Each structure stands twice: as C-alpha cells, then as structure tokens.
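Below is one structure, written out as structure tokens; the observations come after it.
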Amino acid sequence: MSGVEPRPAEGRVYDAYLHLLDRQVVDPDGELICKVDDLELELAEDGTAYVRAILTGPAALGPRIGGAPGALMTAVHARLSGGAGPGRIPFHLVADIGSAVTVSARPADLPIRGFEDWVRTTIIDAIPGASDAPE
Amino acid sequence: MKRLLAVTLGILTAIGGFVDIGDLVANALVGSRYGFALAWVVPVGVVGICLYAEMCGRVAAISGRPVFDLIRERLGPRLGLANLAASFLVTALTLTAEIGGVALALELATSVNYLLWVPLVGFLVWLVIWRVGFARMEQVFGLAGLLLIVFAVALWKLGPDWGQVLHDASHPALPPGEGLPTYLYYAIALFGAAMTPYEVFFFSSGGVEEHWTRRDVGVARSNVFIGFPLGGVLSLAIMGCTALVFFPLGVGVDTLGQVAMPPAVALGKVGLAIVLVGIFAATFGAALETGLSAGYTVAQYFGWQWGKFVRPLQAARFHGVTLLTIVVGVMVMLTTVDPIKVTEYSIVFSAVALPLTYLPILIVANDPEYMGERVNGRISNTLGTVYLVIVLAASLAAIPLMIATKAGQ
Amino acid sequence: MGTPLVKRLLAVLLLLAACAGPSFSYRDYERKAAHTVELANGRRATRAYLSVLLGEAESTLGAIQQTFEGVQPPDRRADRLRAELGEHLDGAADVLAALRIEVRRGHVDALAGIAEPLGGLHDALEKLAEEHR
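Chains as they are written, first to last, in this note's numbering: chain A, 139 to 273; chain B, 4 to 412; chain C, 195 to 327.
Structure (structure tokens):
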C-alpha cells in the first residue's frame with residue numbers, strides 16, 4: 139500500500155491497516171461472513187489509492203501470512219479449488235465500519251462460500267438434526 | 004429472587020466445571036508424592052485464571068465478540084496463526100486426555116476395559132455437542148461435577164492433624180529423596196492444570212453463546228471470583244486426600260483408580276460411587292468444553308460462523324472441525340497410549356502455550372475500541388502483567404525440566 | 195491376620211514402587227497406614243472397582259518384573275539378591291492374580307485370607323531392601 143494519504147471528498151478517514159484488515163465481516167443481522175483477509179487496491183488518476191474490494195479466503199490470506207505456512211495455504215487452496223482466486227466482496231457493499239465490518243448483503247449472495255458449502259453438503263447435511271433450531 | 008437463583012446456578016456450575024482430568028491427575032499425583040509441599044501452586048494458579056477469565060468474560064459481555072476472535076485483529080494474521088496453532092493443538096491434546104478420562108471412569112465403574120469405552124465416549128461427546136443446548140449442557144455437567152465435593156468430605160473424615168497440614172503447606176519442604184528439578188517440574192504441571200488455555204477461550208465464547216450484554220458483567224464476575232476459587236478448593240481436597248492416604252506410604256499415584264481410592268477408604272461404597280459419578284461428570288463436561296473450544300478457536304481465527312446459537316447448517320465448518328478433532332482424539336486413545344501419560348503431557352504443554360494465549364488477552368482487554376470505558380483498571384493490569392511474567396517463566400522452564408527429569412521420574 | 199487388606203495392597207505397591215522407580219523413600223507406614231480401613235471386606239468398594247485396581251497392580255508388578263528380568267546382575271551377590279527378589283515378586287504376582295480371580299467371581303469375603311501372604315512378602319521385601327541399601 140502506498141504511503142499517500144487519501145483525501146476523501148467527504149466522510150471519515152480510516153486507516154486501512156487498523157480499521158479494515160483482519161476485521162470480522164458481518165451481514166446486517168450480525169451473522170458472521172468472513173474476515174477481511176486482504177484488500178484490493180486501485181490507483182486513481184491523481185495517484186491516490188482507494189479500496190476496491192475486500193478479499194477473503196486462503197488465496198488472500200496465504201500471501202499475507204507469508205513464509206512456509208502461507209505458501210502451503212495458497213498451494214492447497216489452489217489445488218482444491220482448481221485455481222480460483224480469492225473471494226471478493228466489492229467495497230460498495232460495505233455499509234458500516236465499526237468493531238466489525240458490516241456489508242449490506244446476505245452471506246448466500248456473496249461469492250465466497252466454497253468451503254462452507256462443501257463441508258455443509260458433504261458432511262453436515264447427512265447428519266440428522268442439522269437443520270434444527272438451537273434450544 | 005430469580006436473579007439470585009441464576010447467579011447461584013452460575014457459581015455452582017463454575018465450581019463443578021473447574022476440575023477436569025488434568026486437575027484430577029495433577030493434584031492427586033502431587034499430593035501422593037509431595038504431601039502438601041506443592042499446595043501453594045493451586046492458589047497461585049487460581050488467582051491467575053480468575054484474573055484472565057474475568058478479562059475474557061468482560062470482553063465478551065462488552066464487545067459481543069469472544070476474545071479469540073479479536074486476537075487476530077490485534078496481533079495480525081501471522082502471530083494470530085501461531086497463537087491458533089498453539090491453542091488448537093493444546094486444546095486437542097486436552098480433549099484427547101478428557102476422552103481417556105471418561106473412559107477410565109467408566110472402566111472403574113464397570114470393570115469393562117477402557118478401550119472399549121473410548122469410541123462410545125467420543126460419540127456421546129459429539130452427540131451432546133450436536134443436540135443439547137449450550138446452557139443446559141453447562142448446567143447439567145457443572146452441577147454433577149459438584150459431586151467431587153466428596154473429596155473434601157473424605158479429607159475431613161480422614162481426620163488429619165490440621166495444624167500439621169497448615170504447617171506443611173506454608174513451609175514447603177522437599178521430601179527426602181526428591182530433587183528440586185522434579186519439584187519444579189510438578190509445580191509447573193500443577194500450574195498448567197489450573198490455567199489451561201481452553202478454559203478462558205471457552206468462557207469468552209460461552210459468554211457470546213449465552214448472549215451476554217454489559218449487564219451480565221456482574222454475573223460473569225461472580226462466576227469467576229466465587230466459583231473458580233471454590234473449584235480450587237476442590238483441587239486442594241484431591242491433593243489432600245492422596246497426601247493423607249498415599250504420601251505416608253511413599254506410593255506415587257499413577258492411575259485413576261488410585262485417585263478414587265481415598266473417598267472409598269474414608270466413606271466406603273457410597274463414597275466410591277459418588278466420586279466415580281463426579282469424575283465422569285467433570286471429565287465429560289471438560290470433553291464437551293474442549294471439543295467446542297477446538298471449533299471455536301479455528302472458526303474465530305478464519306472468520307467462519309460458529310456457535311451452538313445457530314443451526315448446525317449455518318456453521319458447517321465449525322461443526323466439522325469439532326467432529327474431526329473428536330475423531331482424532333478417539334483414534335489417538337485407541338493406540339493404547341496411557342491416558343494418564345496423555346494427561347500429563349497435555350498439562351505440561353498447556354503451561355508451554357500459556358504466554359502465547361494470555362498476552363493477547365491482556366492486549367484486547369485494554370483496547371478502548373472494543374471495551375469502551377470498561378478497559379482494564381490498574382489492578383487488572385498490574386496483576387495481569389505479573390502473571391504474564393510468571394507464565395513466561397513457567398513456559399520457558401517447562402520443556403527443559405521435562406527433559407531433565409524425564410517427565411517427572 | 196487382622197492386617198487390613200488394603201494396607202497390604204498398598205504396602206506391596208509401595209515396595210514395587212521402591213524397587214522400580216527412583217528414590218521413593220520409606221515412611222513409617224505402619225503407624226500412618228492405620229488411616230486406611232478395610233477397603234475390600236466387601237463393604238467398602240464395589241467388585242468392579244476392586245477388580246480394576248487389582249488389574250492395575252498386576253500390570254505394574256508385571257512391568258517391574260519385566261524390567262527386573264532385563265537387568266544383568268553385575269556379580270554373585272547381585273545374583274543372590276536377584277533370585278530372592280524374583281521369588282518374592284513372583285509370590286506377589288500369584289497373590290494378586292488369585293485376588294483378581296476371586297474378586298471377579300464375587301468371593302469378596304475370601305479376599306482377606308488370600309491376601310494373607312502379602313504381609314509376609316512385604317516384610318521379606320522390606321528386609322531385603324534394608325540389607326541392600
């Protein structure tokens with residue numbers, strides 16, 4: 139990330155590192171979606187950087203962890219997902235940034251559910267009582 | 004009145020839920036080998052866990068997020084991953100030990116070999132996690148664990164010279180023939196048994212499971228400050244029992260059957276029956292907690308939906324991790340490794356992992372962004388830092404001492 | 195006769211531990227073992243529990259015997275010690291096995307009689323330990 143200070147036309151200034159990265163992403167009801175594993179940045183014409191999207195999943199987290207564990211994570215994910223890139227949540231969906239990052243979309247609508255869906259359909263679905271409401 | 008009942012229930016649950024297989028083995032072993040010379044470690048450990056459990060409970064109540072969730076935010080993904088690895092592995096090892104403990108308790112009650120019980124125990128642990136509501140699960144096993152009071156009753160019945168006991172406890176002396184390195188090794192093991200990492204993470208996640216808010220900080224505190232110390236008293240009772248029965252004979256306790264002997268000696272069949280049910284409840288409850296904690300830590304690091312407060316379908320990966328960890332625990336037990344040995348390793352490695360798990364808690368509990376004005380006060384921070392130094396010392400000394408004393412020989 | 199069974203059981207465990215482990219030291223166990231009441235006269239413990247305890251004691255004893263047999267005696271005197279000790283350990287193993295069998299059969303009242311030799315065994319082991327300190 140460049141060291142250039144963003145100059146927003148309006149609104150609050152956030153330090154992406156402190157306020158965005160590794161935050162929990164939740165939906166409007168508070169359901170947990172994912173973590174902000176990385177950010178997709180883009181340079182505007184005037185040289186300022188802005189955030190285009192939240193990236194999530196092992197493909198995004200692996201490079202940030204770095205070293206052997208990171209490389210392993212990225213490699214395993216690439217293998218199992220057939221080379222898919224990191225999950226991506228366009229930043230315009232972000233509704234609020236507090237102790238968690240709230241996006242105005244439901245988990246099901248976001249294209250980031252690979253592993254959860256796989257575990258659910260392969261293992262959890264088969265067990266009786268999986269759809270029972272909690273006591 | 005209803006509030007008072009709820010608070011009392013919480014305290015009783017905390018007392019009964021405090022003791023697990025690590026505490027049973029550590030306290031019984033230490034009592035049989037050192038009498039009361041290591042009794043001082045228990046209060047030190049209890050104060051430590053009270054301190055940090057209060058912080059974790061407060062974090063859950065104020066921020067609505069469990070403390071482990073926030074660790075990655077504050078430490079970054081790399082340190083967070085190291086923390087996860089250490090916490091998860093120690094928790095998984097502890098879960099394995101608890102499964103062994105439940106199977107041993109069943110063996111003592113039925114004389115059917117414990118290995119035959121292991122798969123059934125694993126299945127039952129998973130089943131209860133899957134189906135039984137969180138609050139009910141905690142209450143049932145917490146209250147049943149209170150039966151371990153039988154150790155205190157047995158201790159009283161055995162009629163020790165209390166003056167002598169107090170003197171021995173406050174003037175720790177090495178029994179003849181015992182060396183200092185082994186003494187210190189067992190001090191660390193006992194300390195690790197009292198301050199196992201999973202307890203604080205579970206407490207915090209449990210607070211979120213039960214939807215604590217700022218109004219529940221008081222309840223959390225009463226559970227911790229009254230419940231845990233009384234749980235520590237139970238630990239000391241276990242130590243006292245073996246100190247009275249086994250120490251004079253120079254016999255070191257190394258099986259669960261021997262741990263249960265003093266209540267049988269003092270109170271007959273009734274005492275034996277009560278202690279076996281109590282041990283079953285305490286270890287089964289701990290198996291539930293460690294199983295859930297294994298899922299909590301992984302899910303909270305990666306940001307997955309977790310918890311028993313949602314349908315299993317909505318938290319598939321969380322339940323998958325818990326299931327997998329239980330299966331691995333069962334398989335490890337089925338290799339016929341000695342469950343007591345597994346327990347000993349789990350508590351020593353808990354001691355090793357403590358600084359990595361406790362430092363982030365101190366950081367998060369001081370963060371005004373999550374805690375608002377309920378950040379740590381000066382007492383919490385001073386004591387918290389002191390304990391950080393203690394756990395660091397214990398952690399650094401644990402492995403060298405384990406090697407030097409050949410795991411306490 | 196009259197020595198509580200558990201005292202003898204624990205005494206055997208003591209001697210086993212003293213032989214096999216490092217530096218468990220002696221205590222005046224006779225005086226303090228008065229604490230331990232008759233565990234196994236059928237009124238203090240369940241059959242299942244006793245059989246597990248006895249099984250554990252047998253395993254411990256078996257492990258000690260194995261270690262013991264693996265050690266090469268360095269000289270003649272050690273040879274004799276080895277022979278005596280081996281005999282006592284075998285005797286203890288026989289008693290423990292008999293106890294376990296009778297407990298499983300439910301003859302809990304017969305246990306005190308069967309365990310009788312343990313007292314003598316214990317004394318002999320003590321004597322050996324004193325001689326070869």
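The C-beta atom is built at its ideal place from N, Cα and C for all residues, glycine as well. Small disclaimer: the values here were computed from a predicted structure and weren't measured.
Using alpha carbons as the reference points, say which of the options lies closest to residue i.
i, options, result
"residue 280 (chain B)", "B:105, B:360, B:97", "B:105"
"residue 68 (chain B)", "B:185, B:150, B:212", "B:212"
"residue 342 (chain B)", "B:72, B:101, B:14", "B:101"
"residue 52 (chain B)", "B:291, B:117, B:16, B:231", "B:231"
"residue 154 (chain B)", "B:242, B:385, B:18", "B:242"
"residue 140 (chain B)", "B:312, B:322, B:291", "B:291"
"residue 144 (chain B)", "B:269, B:287, B:334", "B:287"
"residue 38 (chain B)", "B:302, B:361, B:202, B:254", "B:254"
"residue 379 (chain B)", "B:161, B:404, B:57, B:82", "B:57"
"residue 376 (chain B)", "B:64, B:274, B:340", "B:64"
"residue 308 (chain C)", "C:286, C:318, C:321", "C:286"
"residue 321 (chain C)", "C:249, C:251, C:290, C:278", "C:278"
"residue 189 (chain A)", "A:159, A:252, A:206", "A:159"
"residue 78 (chain B)", "B:392, B:385, B:383, B:365", "B:365"
In angstroms with no decimal places, state the Cα-to-Cα distance between residue i and residue j.
i, j, result
"residue 246 (chain C)", "residue 412 (chain B)", "24 Å"
"residue 95 (chain B)", "residue 199 (chain B)", "12 Å"
"residue 20 (chain B)", "residue 263 (chain B)", "18 Å"
"residue 278 (chain B)", "residue 398 (chain B)", "32 Å"
"residue 260 (chain C)", "residue 171 (chain A)", "59 Å"
"residue 190 (chain B)", "residue 168 (chain A)", "44 Å"
"residue 299 (chain B)", "residue 90 (chain B)", "11 Å"
"residue 232 (chain C)", "residue 242 (chain C)", "For residue 232 (chain C), the pLDDT reaches just 40, beneath the cut-off of 50, and the residue's location in the model is therefore unreliable, although a value from the coordinates is still provided. Going by the C-alpha atoms only, they are around 17 Å apart."
"residue 204 (chain B)", "residue 54 (chain B)", "13 Å"
"residue 195 (chain C)", "residue 327 (chain B)", "Bear in mind that a pLDDT of 26 at residue 195 (chain C), under 50, signals an unreliable position, so the number given afterwards is only what the model happens to contain. C-alpha separation (whole angstroms): 55 Å."
"residue 2 (chain B)", "residue 199 (chain A)", "Since the first and last residues shown for chain B are 4 and 412, residue 2 (chain B) lies out of range."
"residue 123 (chain B)", "residue 115 (chain B)", "13 Å"
"residue 408 (chain B)", "residue 179 (chain B)", "17 Å"
"residue 4 (chain B)", "residue 10 (chain B)", "10 Å"
"residue 146 (chain B)", "residue 71 (chain B)", "27 Å"
"residue 256 (chain B)", "residue 211 (chain A)", "45 Å"
"residue 80 (chain B)", "residue 177 (chain A)", "14 Å"
"residue 302 (chain B)", "residue 185 (chain B)", "38 Å"
"residue 253 (chain C)", "residue 266 (chain B)", "23 Å"
"residue 335 (chain B)", "residue 128 (chain B)", "16 Å"
Report the neighbours of residue i on chain B: residues whose CB is nearer than 8 Å to its CB, in chain order.
i, result
"residue 253 (chain A)", "320"
"residue 227 (chain A)", "Result: empty, since nearest Cβ-Cβ is about 12 Å, beyond 8 Å."
Check this for me: beta carbons of residue i and residue j, under 9 Å apart or not?
i, j, result
"residue 228 (chain A)", "residue 191 (chain A)", "yes"
"residue 266 (chain A)", "residue 137 (chain B)", "no"
"residue 87 (chain B)", "residue 373 (chain B)", "no"
"residue 236 (chain A)", "residue 197 (chain A)", "no"
"residue 120 (chain B)", "residue 130 (chain B)", "no"
"residue 32 (chain B)", "residue 216 (chain B)", "no"
"residue 498 (chain B)", "residue 27 (chain B)", "A question about residue 498 (chain B) goes unanswered here, because the residues of chain B that appear run from 4 up to 412."
"residue 329 (chain B)", "residue 98 (chain B)", "yes"
"residue 390 (chain B)", "residue 361 (chain B)", "yes"
"residue 358 (chain B)", "residue 394 (chain B)", "yes"
"residue 233 (chain B)", "residue 24 (chain B)", "no"
"residue 367 (chain B)", "residue 62 (chain B)", "yes"
"residue 125 (chain B)", "residue 340 (chain B)", "no"
"residue 250 (chain A)", "residue 195 (chain A)", "yes"
Residues of chain A with CB under 8 Å from residue i, in chain order?
i, result
"residue 66 (chain B)", "237"
"residue 373 (chain B)", "237"
"residue 127 (chain B)", "Within chain A, no residue comes near residue 127 (chain B); the closest Cβ sits about 15 Å away, beyond 8 Å."
"residue 323 (chain B)", "257, 261, 262"
"residue 72 (chain B)", "162"
How would you list, in chain order, the residues of chain A whose beta-carbon sits under 9 Å from the beta-carbon of residue i?
i, result
"residue 308 (chain B)", "169, 170, 171, 245, 254"
Taking Cβ-Cβ distances shorter than 7 Å, what residues in chain B pair up with residue i?
i, result
"residue 247 (chain C)", "260"
"residue 240 (chain C)", "272, 275"
"residue 250 (chain C)", "258, 260"
"residue 258 (chain A)", "316, 319"
Residue i versus chain B: which residues are under 9 Å apart at the beta carbon?
i, result
"residue 231 (chain A)", "The contacting residues do not exist; residue 231 (chain A) stays about 16 Å from chain B at best."
"residue 163 (chain A)", "306"
For residue i, return the contacting residues in chain A, with the cut-off set at a CB-CB distance below 7 Å.
i, result
"residue 312 (chain B)", "272"
Given a limit of 7 Å on CB to CB distance, which residues of the stretch 109-123 of chain B reach chain C?
110, 111, 112, 113, 114: these are the residues of the stretch 109-123 of chain B whose beta carbon lies less than 7 Å from some beta carbon of chain C, given in chain order.
Using Cβ-Cβ distances below 9 Å, what residues of the stretch 274-285 of chain B are close to chain C?
274, 275, 276, 279
Cβ-based contacts, 9 Å cut-off: residues of the stretch 177-188 of chain A near chain B
none
Going along the stretch 262-274 of chain B in order, which residues come within less than 7 Å of chain C, judged by CB to CB distance?
The residues in question are 267, 268, 271, 272.
In chain order, what residues of the stretch 74-99 of chain B put their CB closer than 8 Å to some CB of chain A?
75, 76, 79, 80, 81, 83, 84
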